[in-house]
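Trainee:
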Amino acid sequence: QVQLVESGGGLVQAGGSLRLSCATSGSTFSFAAMGWFRQPPGKQRELVAQITSGGSTNYVDSVKGRFTISGDNAKNTVYLQMNSLKYEDTAVYYCAARRSNWWAYWGQGTQVTVSS
Numbered sequence: 015q016v017q018l019v020e021s022g023g024g025l026v027q028a029g030g031s032l033r034l035s036c037a038t039s040g041s042t043f044s045f046a047a048m049g050w051f052r053q054p055p056g057k058q059r060e061l062v063a064q065i066t067s068g069g070s071t072n073y074v075d076s077v078k079g080r081f082t083i084s085g086d087n088a089k090n091t092v093y094l095q096m097n098s099l100k101y102e103d104t105a106v107y108y109c110a111a112r113r114s115n116w117w118a119y120w121g122q123g124t125q126v127t128v129s130s
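Residues in the sequence shown are numbered consecutively from 15, following the working numbering.
Written as structure tokens, this is what we have:
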């Protein structure tokens, strides 16, 4: 059973920073990719950033230049460094692991609230 556990969410003022962590119960190498999704209140969940097992990264346009996804394979942990946070970044953030072309495993989510 694969488990993903997020941490690091909280309340921050606009312009501030947070770092989210996602600890996995297995090696991150065993997945095709790890990703961070978010779901703002009343809106659909969207993919914010992902990192492949080969280290390639991509981001949704709205966070490019502000967010950075990275992984520590020795710790089986993936991070999302979020800088210059905006009110519209407020959401529940979810960590997920991809098998081939589908997101097979999900964390429980962590709330990020940005005050304007």
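Where a beta carbon is used, it is the ideal one built from N, C-alpha and C, also for glycine.
1. Identify every residue that forms a DSSP beta bridge with A88.
2. Comparing C-alpha positions only, which one of T127, R33 and K78 sits nearest to T91?
3. Could you tell me the alpha carbon to alpha carbon distance between Q64 and W117, rounded to whole angstroms?
4. In whole angstroms, what separates the C-alpha of A110 from that of R52?
5. Can you list, in chain order, the residues of its chain whose CB lies under 8 angstroms from that of K89, leaving out five sequence neighbours each side?
6. Ends of the beta strand (DSSP E) at G49?
Mentor: By the coordinates alone:
1. Against the sequence shown, residue 88 aligns to sequence position 74. DSSP, once it has assigned bridges, lists no residue as partnering A88.
2. Reading the sequence shown from its first residue, position 77 is the one you call residue 91. Per the Cα distances, R33.
3. Residue numbering aside, residue 64 sits at position 50 when the sequence shown is read from its first letter. Residue numbering aside, residue 117 sits at position 103 when the sequence shown is read from its first letter. Spanning the two alpha carbons is a distance of roughly 11 angstroms.
4. On the sequence shown, residue 110 is found 96 positions in, with the first residue counted as 1. On the sequence shown, residue 52 is found 38 positions in, with the first residue counted as 1. So the two alpha carbons sit approximately 11 angstroms from each other.
5. Position 75 of the sequence shown, counted from the start, is the residue given in the question as residue 89. Excluding sequence neighbours, K89 sits near A37.
6. As a first step, residue 49 must be located in the sequence shown, where it is residue number 35. Note, G49: beta strand (DSSP E), A47 to Q53.
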